[in-house]
Amino acid sequence: MRVTMIQPIPAITNKKKQVCAYARVSTDSRRQEDSLENQVAAYERMITGNPEYEFVGVYADQGISGYCESRPQFQKMLEDARAGNIDLIITKSISRFARNTVTVLKFARELKTLGVGIFFEEQNINTLSGDGEMMLAVLASFAQEESRSMSENNKWTIKKKFERGEVMLNTSRFCGYDKDEYGDLLINRKEAEIVKLVFDLYLMNIGFSKLASLLEYLKVPTVSGGNWEGGTISGMLSNEKYKGDFHLQKYYTPADRRNQTRRNHGEVQSYYISENHEPIITTEVWEQVQEMREYRKKERNIGQDSTSKYTNRYPLSGMLICPYCGNTLRRRQVYKGKIQWLCSTYIEKGKSTCKGIRVDDTVLTGLELTEQTVIQEVKKNGKKHYRYTSKADFEFGEQPETEHTKTSDGSVLPGVNRPRRTAIKL
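Numbering (the working numbering), first residue to last: 1462 to 1887.
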């Protein structure tokens, strides 16, 4: 008699699909916030109610355009999918997932290779199906064109508002004014004192950077909660709204540059409204400030040619480079008539942004450069010296083979190396 053992057949267990949902709204308004909360709740009910699904969660971005790939929750969802924690993503529509065809197809294909599907409810498309990608490409292009059309309609609406003299301004980032229930500007008395102080101190010959440092020292708050900077002061002093006027369409978005604004120098129609609202600064004071700004520009040879700013007044202008931030050095008169070259980032934003480098003008006497050169401060035998390296070599990390080094008193230190691609004549 022969006995054959028959192994038991293991029970087949159906593994549940790990399913998540993705939701997005493009603004931070309260209405949109309610919409997002409703979407999250609806998706959670739908997924947990399916016995074949295991609810992973809902990834939701708020106030971010679908053209932006760096959405925090969107990227987190992709990371979890790559880690094998997601089998299926459910989203309302193609446009909710992304606003352009390239982005949709790129991530749909990547997720498909990982075995992760995307189900678009409105279009009834699953990217893991046979004809899913073809349908997706067609419908994604329609979604992109729809978005472009909506953008053009919004531009047209804004243009018509400007033509009617209707102002559009976010006062939460604008010092000096609030809005009433009709959208008209009202002076914020407390902030208006800051505006007056800035204009008055500038007329007392205090520059942008020093004004910003002073306001920081006095702990004067900014409307955005950030730090005072020279650029902020410059913008305030040139803002016509403080004298009661309003220049509409000072900036515009080029047709080929979505979400990128540029200063309007006549490329598109603009509109100027005089006496639009109550001024904080008198017209006389505002005009005096503009005259002083122009005088300082001419005095420092600024604005003559935007492509050669700070590069024409002195032989070394635009040629010396800071080793820490890569910006150019500027020639400045400091204390007791002493002339030094300082990092432009340090001048404009302070040492918190770049510790900078400063070089006495006497050290650079007789120095001729044919290309931009990085200047570094070194110590030898307890004395300060300077090393010069062409910017090209410095960016490639090449160490100098031969180099002249000047001491702080202007004399040349012998026997020291000079850069491999020298641009220096002593």
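For every residue, glycine included, the Cβ atom is placed at its ideal position computed from N, Cα and C. Just so it is clear, the structure is predicted and the values come from calculations on it, not from any experiment.
Problem - Bounding residues of the beta strand (DSSP E) (the contiguous stretch that carries residue 1690) - result: First-last for residue 1690: undefined, no H or E at that position.
Handout entry: Endpoints, beta strand (DSSP E) assigned at residue 1517
Key = 1514-1523
Problem - Backbone CA spacing between residue 1431 and residue 1572 [nearest angstrom] - result: The chain is shown from 1462 up to 1887; residue 1431 falls before or after that span and cannot be answered.
Handout entry: Beta-carbon separation (whole angstroms), residue 1557 vs residue 1485, contact threshold 8 Å
Key = 5 Å
Exercise for the section: Any chance you could list the alpha helix (DSSP H) runs of at least 4 consecutive residues sitting entirely within the stretch 1647-1675, in chain order? Expected result: 1650-1664
Exercise for the section: Might you give, ordered along the chain, the residues of its own chain that have their beta carbon closer than 7 Å to the beta carbon of residue 1497, omitting 5 neighbours on each side? Expected result: 1484, 1486, 1521, 1523
Practice task
Could you spell out where the beta strand (DSSP E) holding residue 1793 opens and where it closes?
Solution key: 1790-1794
Problem - Exposure of residue 1811, with buried meaning 16 or more beta-carbon neighbours within 10 Å - result: buried
Practice task
Provide the residue span of the alpha helix (DSSP H) that contains residue 1463, from first to last.
Solution key: Where residue 1463 is concerned, there is no enclosing alpha helix (DSSP H), given that its DSSP letter is neither H nor E.
Exercise for the section: For my contact list, residue 1820 and residue 1833 are in at a C-beta cut-off of 8 Å; report their separation, rounded to the angstrom. Expected result: Not a contact, Cβ separation roughly 15 Å.
Exercise for the section: Note down, in chain order, each residue of its chain lying with its Cβ closer than 6 Å to the Cβ of residue 1467, except the 5 sequence neighbours on either side. Expected result: none
Handout entry: 8 Å Cβ cutoff met for residue 1830 and residue 1817
Key = no
Practice task
In the DSSP assignment, find the unbroken alpha helix (DSSP H) run with residue 1558 in it and report its ends.
Solution key: 1555-1558
Practice task
Can you grab the Cα-Cα spacing for the pair residue 1898 / residue 1786, in whole Å?
Solution key: Outside the displayed span of the chain (1462 to 1887) sits residue 1898, for which this structure offers no information.
Handout entry: Exposed unless 16 or more other CB atoms sit within 10 angstroms - verdict on residue 1532
Key = buried
Problem - Environment of residue 1679 [buried if 16+ CB atoms lie within 10 Å] - result: exposed
Problem - residue 1749 versus residue 1649: straight-line alpha-carbon distance, rounded - result: 24 Å
Handout entry: Reduced DSSP category for residue 1641 - H, G, I as helix; E, B as strand; rest coil
Key = coil
Problem - For residue 1855, the nearest candidate out of 1794, 1584, 1758, 1835 (CA to CA) - result: 1835
Problem - Environment of residue 1548 [buried if 16+ CB atoms lie within 10 Å] - result: buried
Handout entry: Rounded C-alpha distance that separates residue 1559 from residue 1568
Key = 10 Å
Exercise for the section: Indicate the three-state DSSP secondary structure (helix, strand or coil) for residue 1878 in the structure shown. Expected result: Note on residue 1878: pLDDT 38, under 50, position unreliable in the model; the coordinate value appears next. DSSP places residue 1878 in strand when its eight states are reduced to three.
Problem - CA-to-CA distance, residue 1796 to residue 1694, given in whole angstroms - result: 24 Å
Practice task
Could you tell me the distance, in whole angstroms, from the CA atom of residue 1849 to the CA atom of residue 1839?
Solution key: 11 Å
Handout entry: Exposure label - residue 1780; buried when at least 16 CB within 10 Å
Key = buried
Problem - Local Cβ density within 10 Å of residue 1704, reported as buried at 16 or more and exposed below that - result: buried
Problem - Cutoff 6 Å; reference residue 1814; Cβ partners in own chain excluding five residues on either side - result: 1806
Exercise for the section: List the residues that DSSP assigns as beta-bridge partners of residue 1841. Expected result: 1844
Problem - Limits of the alpha helix (DSSP H) - the one that residue 1819 falls within - result: No alpha helix (DSSP H) holds residue 1819; the beta strand (DSSP E) holding it covers 1819-1821.
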